[in-house]
Amino acid sequence: MANKIKLPGLIDVHVHLRDPGQTHKEDLLTGTSAALAGGFTCVVDMPNNAEPITTVERMKAKHALAKQKAVSDIGFHYGSLGDNLDTFEEAAKYSVGLKLYLNNTTGGYMLDPAYLKKIYAAWPQDKVVLLHAEEDFIDVAIESLEGLKRPVHICHMPNREVLDKIIGAKKQGLPVTCGVTPHHLFLNEKDADKLGVYGQMKPSLKPQSDVDYLWENLDWIDLFESDHAPHTHEEKKEGAFGVPGLETTLPLLLKAEVEGKITRSQIIDKCFTTPARVFGIPTDEDTYVEVDMTPYTIKNKDLKTKCGWSPFDGVEVPGKVSKVVLRGETVYENGEIIATPGSSRLLSEK
Ligand code: NCD
Ligand code: ZN
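In the numbering used here, the protein residues as written are 150 to 499.
The following block contains the structure:
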């Protein structure tokens, strides 16, 4: 174990694995392979597929695909455009949470905020509702929490303005949690200029003063979510929003640890303990990852994600996941996926 560290199998509650419908850029095998390569043993996939996951049939079809393809544990968030509340009770049996988009993003499944209260009442009270609410919708989102008892998670906070409003809601005791992506912690507006189309995502990259503010307020940030959002080179050139993140999140956080910006226990808290608690994801001690702390350079050609690129190509990081053990079985070792597709566990399959 010289030069190796051990961490619990990490949990990412916000990924877009594109299956079914857009498997030219990711599928449930390549996406969960990227998860293992990045130290994540459990991911929760978003509903903005080519056909949105807003019916029980589509949700069941996704489960059937995962049963054939997944190599990490996986769960799914359900979606709503306000017209499927009668399906919630049944759909919730197959769902980790319910994702609602107030802003426009990949897929274009924007919800009219007038539906929020009805949706909060209809979705099971012990299951999280996740909101995509950027600067222009954060006030509506925070107002919707008034008097609420049920958990709501605000995804990918990008800047001071949004974080301050969430801190205000937390100080009032409202049942809200929030997440930050690694790209909003490790990239800024200037990087967006250099990266061109590869630096475009929702929410957009912000000035360094906002990035600094996120780092200064880590204690208010409940969890990290990669928002792994693969697109092909061609799609990026045509303006698609989103960047992959599953394979770079942990190495970047370990780099921040070496630089004294975050502690090991904060990394574990925000990539394991808190996501497990907030989303009710079971954990066990025989699920862990080993990281070989030998510096290496992130390279597009080494990635398992089908899109084959990262905005962090060329960045030197202090360590790489060398082994992943899922419930006592080695599922990944030295770059190789060892797990049989379909052998991992599905969350919320009832
Ligand atoms: C995501 C995608 O491509 O599915 N894109 C992104 O820029 N983050 C959608 C989303 O989470 O907004
Ligand atoms: Zn997303």
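Glycine residues also receive a C-beta, built at the ideal position from the N, C-alpha and C atoms. Predicted model, so just to flag it, every value in this text is computed and none were measured.
Proximal residues to Ile487 (C-beta, below 7 Å), its chain only, five neighbours per side dropped: Counting from 1 along the sequence shown, the entry for residue 487 is found at position 338. Excluding positions up to five away in sequence, the list reads Thr479, Val480 and Tyr481.
Asp161 beta carbon near the ligand ZN (any heavy atom closer than 7 Å): Taking the sequence shown and counting its residues from 1, the one referred to as residue 161 is at position 12. Incorrect: Asp161 has no Cβ contact closer than 7 Å to the ligand ZN.
Proximity test, Asp462 beta-carbon vs the ligand ZN heavy atom, cut-off 7 Å: As a working mapping, residue 462 is identified with position 313 in the sequence shown. Checking every heavy atom of the ligand ZN against the Cβ of Asp462, none is found closer than 7 Å.
Beta-carbon gap between Val470 and Lys404 smaller than 8 Å: The residue you call residue 470 lines up with position 321 of the sequence shown. The residue you call residue 404 lines up with position 255 of the sequence shown. No, Cβ-Cβ distance for Val470 and Lys404 is not below 8 Å.
Element boundaries [beta strand (DSSP E), containing Gly180]: The residue you call residue 180 lines up with position 31 of the sequence shown. Note, Gly180: premise wrong, no beta strand (DSSP E); alpha helix (DSSP H) at Leu177 to Ala186.
Contact the stretch 320–328 vs the stretch 250–262: 3+ CB pairs below 8 Å: no
For Val392, the three-state DSSP class (helix, strand or coil): Looking up residue 392 in the sequence shown gives position 243. Coil, per DSSP.
The ligand NCD heavy atom lying under 7 Å from the CB of Ala378: Reading the sequence shown from its first residue, position 229 is the one you call residue 378. Yes, Cβ of Ala378 sits closer than 7 Å to a heavy atom of the ligand NCD.
CB of Leu230 within 8 Å of CB of Thr203, strictly: The residue given as residue 230 occupies position 81 in the sequence shown. The residue given as residue 203 occupies position 54 in the sequence shown. Judged by their CB atoms, Leu230 and Thr203 are nearer to each other than the 8 Å cut-off.
Heavy atom of the ligand ZN within 7 Å of His165 beta-carbon: On the sequence shown, residue 165 is found 16 positions in, with the first residue counted as 1. His165: yes, Cβ under 7 Å from the ligand ZN.
Met259 CB to nearest heavy atom of the ligand ZN below 7 Å: By one-based count along the sequence shown, residue 259 stands at place 110. Because no heavy atom of the ligand ZN lies under 7 Å away, the Cβ of Met259 does not count as near it: no.
Cβ distance (whole Å) where Lys298 is taken to contact Gln274 below 8 Å: For the purposes of this step, residue 298 is taken as the residue at position 149 of the sequence shown. For the purposes of this step, residue 274 is taken as the residue at position 125 of the sequence shown. That belief holds up - the Cβ atoms of Lys298 and Gln274 are roughly 7 Å apart, short of 8 Å.
Separation of Pro352 from Val311, as counted between CA atoms: Indexing the sequence shown from 1 puts residue 311 at position 162. Indexing the sequence shown from 1 puts residue 352 at position 203. One Cα belongs to Val311, the other to Pro352, and the distance between them is close to 11 Å.
DSSP state of Ser493 mapped onto helix, strand, coil: As a working mapping, residue 493 is identified with position 344 in the sequence shown. In the displayed model, Ser493 falls within coil according to three-state DSSP, outside both helix and strand.
Unbroken beta strand (DSSP E) run spanning Pro157, endpoints: Position 8 of the sequence shown, counted from the first residue, corresponds to residue 157. Per DSSP, Pro157 belongs to the beta strand (DSSP E) from Lys153 to Pro157.
Residue(s) in a DSSP beta bridge with Leu372: Within the sequence shown, the letter at position 223 stands for residue 372. Answer is Gly328.
Proximity test, Gly391 beta-carbon vs the ligand NCD heavy atom, cut-off 7 Å: Taking the sequence shown and counting its residues from 1, the one referred to as residue 391 is at position 242. For the ligand NCD, at least one heavy atom lies less than 7 Å from the Cβ of Gly391.
Complete beta strand (DSSP E) runs within the stretch 430–493 (minimum length 3 residues, chain order): 437–441, 469–475 and 478–482
Reference Val392, options Thr412, Trp364, Arg413 and Tyr347, closest by Cα: Taking the first residue of the sequence shown as 1, we reach residue 392 at position 243. The shortest Cα separation from Val392 among Thr412, Trp364, Arg413 and Tyr347 belongs to Tyr347.
Met442: CB within 7 Å of a non-hydrogen atom of the ligand ZN: Position 293 of the sequence shown holds residue 442. No, since every heavy atom of the ligand ZN falls outside the 7 Å radius drawn around the Cβ of Met442.
Collapsed DSSP secondary structure at Lys319 in the structure displayed: Counting from one through the sequence shown, the residue named residue 319 turns up at place 170. In the structure shown, Lys319 sits in a helix (DSSP, three-state: H, G or I).
Test item: CB-CB of Thr436 and Gly158 under 8 Å: For the purposes of this step, residue 436 is identified with residue 287 of the sequence shown, where counting begins at 1. For the purposes of this step, residue 158 is identified with residue 9 of the sequence shown, where counting begins at 1. Contact: yes.
beta-carbon Lys351 near the ligand NCD non-hydrogen atom, thresh 7 Å: Within the sequence shown, numbered from 1, the residue matching residue 351 stands at position 202. Checking every heavy atom of the ligand NCD against the Cβ of Lys351, one is found closer than 7 Å.
Simplified DSSP assignment, three categories, for His333: Here residue 333 refers to the residue found at position 184 when the sequence shown is read from its first residue. Three-state DSSP puts His333 in a helix.
Cα-Cα separation between Ala240 and Leu265, rounded to whole angstroms: On the sequence shown, position 91 is the one that residue 240 refers to. On the sequence shown, position 116 is the one that residue 265 refers to. Approximately 18 Å between the Cα atoms of the pair.
Pairwise C-alpha distance: Pro460 and Leu344: In the sequence shown, counting from the first residue as 1, residue 344 sits at position 195. In the sequence shown, counting from the first residue as 1, residue 460 sits at position 311. Looking at the two C-alpha atoms, the distance is approximately 7 Å.
For Trp458, the nearest candidate out of Phe335, Leu354, Leu178 and Pro379 (CA to CA): Start at 1 with the first residue of the sequence shown, and residue 458 comes out as number 309. Ranking the options by Cα distance to Trp458, first place goes to Pro379.
Segment limits, beta strand (DSSP E) that includes Phe421: Translated into the one-based positions of the sequence shown, residue 421 becomes position 272. No beta strand (DSSP E) contains Phe421, which DSSP labels as neither H nor E.
Extent of the continuous alpha helix (DSSP H) to which Ile411 belongs: Position 262 of the sequence shown, counted from the start, is the residue given in the question as residue 411. Looking at the DSSP string, Ile411 is not in any alpha helix (DSSP H), and its letter there is neither H nor E.
Where the beta strand (DSSP E) through Asp222 begins and ends: Sequence index remark: in the sequence shown, residue 222 carries index 73 (1-based). Residues Asp222 to Phe225.
Counted within 10 angstroms of its Cβ, other Cβ atoms place Arg207 as buried (16 or more) or exposed: Numbered from its first residue, the sequence shown carries residue 207 at position 58. That one is buried.
Which listed residue (Asp261, Arg476 and Tyr243) has its alpha carbon closest to that of Tyr250: Counting from one through the sequence shown, the residue named residue 250 turns up at place 101. When only C-alpha atoms are compared, the closest one is Asp261.
Segment contact, 8 Å Cβ cut-off, at least three pairs: the stretch 358–378 with the stretch 162–179: Yes: at least three Cβ pairs fall under 8 Å.
Distance cut-off 7 Å: Thr254 Cβ against heavy atoms of the ligand NCD: The residue given as residue 254 occupies position 105 in the sequence shown. Checking every heavy atom of the ligand NCD against the Cβ of Thr254, one is found closer than 7 Å.
Environment of Gly180 [buried if 16+ CB atoms lie within 10 Å]: By one-based count along the sequence shown, residue 180 stands at place 31. Buried is the call here.
Extent of the continuous beta strand (DSSP E) run through Tyr250: Numbered from 1 along the sequence shown, position 101 holds the residue referred to as residue 250. It spans Gly246 to Tyr250 - the beta strand (DSSP E) in which Tyr250 sits, taken as one unbroken run.
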